[in-house]
Amino acid sequence: MTPHAPSPHAVDPPAAQQPDWPDPAALHAVAADLAGRPALVTAAECDLLRARLAEVAHGAAVTLQGGDCAETFDGTTPGRIESTYRTIRQMAAVVSGGAALPVVQVGRMAGQYAKPRSRPDETRDGVTLPAYRGDLVNGREFTERSRTPSAGRLRRGYERAAGTLDVLRGLVAERGGEFFTAHEALVLEYERALTREAASGAYDLSAHLVWVGERTRQPAGAHLNFVAGVRNPVAVKLGPASTPDDALALVDMLDPDREPGRLTFITRMGASAVREALPDLVAKVTTSGARVVWVCDPMHGNTVSAPSGHKTRWLVDVVDEIRGFFEVHRSLGTHPGGVHLELSGEHVTECVGGTYEVLPAQVPDRYDTACDPRLNRGQALDLAFELAELYAVSTPDRSEDEGDGE
Ligand code: PEP
Ligand code: CO
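In our numbering, the protein residues as written are 1 to 406.
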């Protein structure tokens, strides 16, 4: 039986991490305007991604998801869009070779404009202002005017997303293949305004896949309630404190029909916790009969400070979490479905390590991120080769040939 799916348009339970909009009337006007505009993606495309992710759930494909932590309006230039797209596409070619499986490519693009924050405010030199919540909400500049949430930004976000999708559709038309978009469903006015009724139910047509983040997955909260009511493939981030009961409750809420491809768990445990925290989750979800997609986000559990004070991540930690993720899935006989990364197609120096090594002292050199540190293009390709090797030895028929040796 399908429990009654809550309407995505209904007035919802409490929503965490929402901006303090100063002008509710302006917000409603913008939301009403967006609700009357063309959708950004189609329900058929969302269904296609759900079918592709079903192949991942069955172990017959792999998914690569990546892009900026926070896209910015200024950063949506054709050159940057293309460099992110090309990086994911090249990674996919490498991983597909190693895994001997098709790769489902998903960009954190065309809507990844809003960020949850650990603190609602930021203080500099005795001045306290609202924290930057992403270009969909306010500006990065530390002034009262810039940090005040502005509803007009939802419209600008919609327009930037539409432009980004135009560029992506052109690239896909030129080069072939498939490419899907995803973002965190965080600012509910935006997500609801782009939700449309189709014959088979409501779809959030701002992206093919939307996910709920680690900070907004409260069981009775508005974000889970929203994604429960849409037909898109959806994902939820799971941090190291997640319990098997949390995961099982998410399966019941978001995937009551046990439909492969509907639900992805993006685990972000940290390199030091993944080997302890992940096995129980995967084992209990698998025993329950659910066929979710398991994806590793090796970024968010491995954030540290560089000597300069910048937030950074070490590629060795990122690789270690991915190896741990593979070890756990190999030992349980489940499929390591893929990875979810923060990456740039440019030569940024936000993360440490890589073949073309970024040293800790070099982190400030080209630190362009609006939020978390991203792998640069070279580091992303390093990781793709690592993944290709891991898949080559974790494909069951091949590992049998190799026996139990080192
Ligand atoms: C993110 O993906 O940028 C993010 C905020 O992740 P998480 O919800 O896992 O912390
Ligand atoms: Co991030």
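Backbone N, C-alpha and C fix where the C-beta goes; we use that ideal spot for every residue, glycine too.
Our contact map puts residue 19 next to residue 210 with C-beta atoms below 8 angstroms; I'd like the distance itself, whole angstroms only.
Actually they do not touch by this definition, with Cβ atoms about 18 angstroms apart.
Does DSSP put residue 73 in a helix, a strand or coil?
In this structure, residue 73 counts as coil in the three-state DSSP scheme.
For residue 267 versus residue 238, is the C-beta spacing smaller than 8 angstroms?
It is a contact, given that the beta carbons lie within the stated cut-off.
With distances taken between CB atoms, is the gap from residue 377 to residue 357 smaller than 8 angstroms?
No.
How long is the line joining the alpha carbons of residue 303 and residue 229, rounded to whole angstroms?
Residue 303 and residue 229: Cα-Cα distance of roughly 33 angstroms.
Need the endpoints of the beta strand (DSSP E) that residue 223 sits in, please.
That residue, residue 223, is in no beta strand (DSSP E); its alpha helix (DSSP H) goes 222-228.
From the DSSP secondary-structure annotation, give me the bridge partner or partners of residue 183.
Answer is 210.
Nearest-angstrom Cα distance between residue 134 and residue 176?
Approximately 32 angstroms between the Cα atoms of the pair.
Out of 159, 65, 41, which has the shortest C-alpha to C-alpha gap to residue 196?
It is 41 whose Cα lies nearest to the Cα of residue 196.
Is the beta carbon of residue 204 within less than 7 angstroms of some heavy atom of the ligand CO?
For the ligand CO, not one heavy atom lies less than 7 angstroms from the Cβ of residue 204.
Can you pull every residue whose C-beta falls closer than 5 angstroms to some heavy atom of the ligand COA, listed in chain order?
As far as ligands go, the structure on display features the ligand PEP and the ligand CO and does not contain the ligand COA.
Distance check for residue 330 and residue 21, CA to CA, integer angstroms please.
Roughly 47 angstroms between the two C-alpha positions.
Check whether the region 255-274 touches the region 37-52, taking contact to mean three or more Cβ pairs, one atom from each stretch, closer than 8 angstroms.
Touching, yes, given that three or more Cβ pairs across the two stretches are closer than 8 angstroms.
Any heavy atom of the ligand PEP closer than 7 angstroms to the beta-carbon of residue 300?
The answer is yes for residue 300.
Does the structure place the region 287-294 close enough to the region 248-257 that three or more beta carbon pairs sit under 8 angstroms?
The answer is yes - the region 287-294 touches the region 248-257, with three or more Cβ pairs under 8 angstroms.
For residue 200, collect the residues of the same chain with a Cβ closer than 7 angstroms to its Cβ; drop the 5 residues on either side in sequence, then sort them by chain order.
The answer, listed in chain order, is 231.
Take the Cβ of residue 60 as the centre, count every other Cβ of all protein chains shown within 10 Å, and call the residue buried at 16 or more, exposed below.
Exposed.
Rounded to whole angstroms, what's the CA-CA distance from residue 66 to residue 13? Just pull it up for me.
Near 30 angstroms, if we compare the C-alpha coordinates of residue 13 and residue 66.
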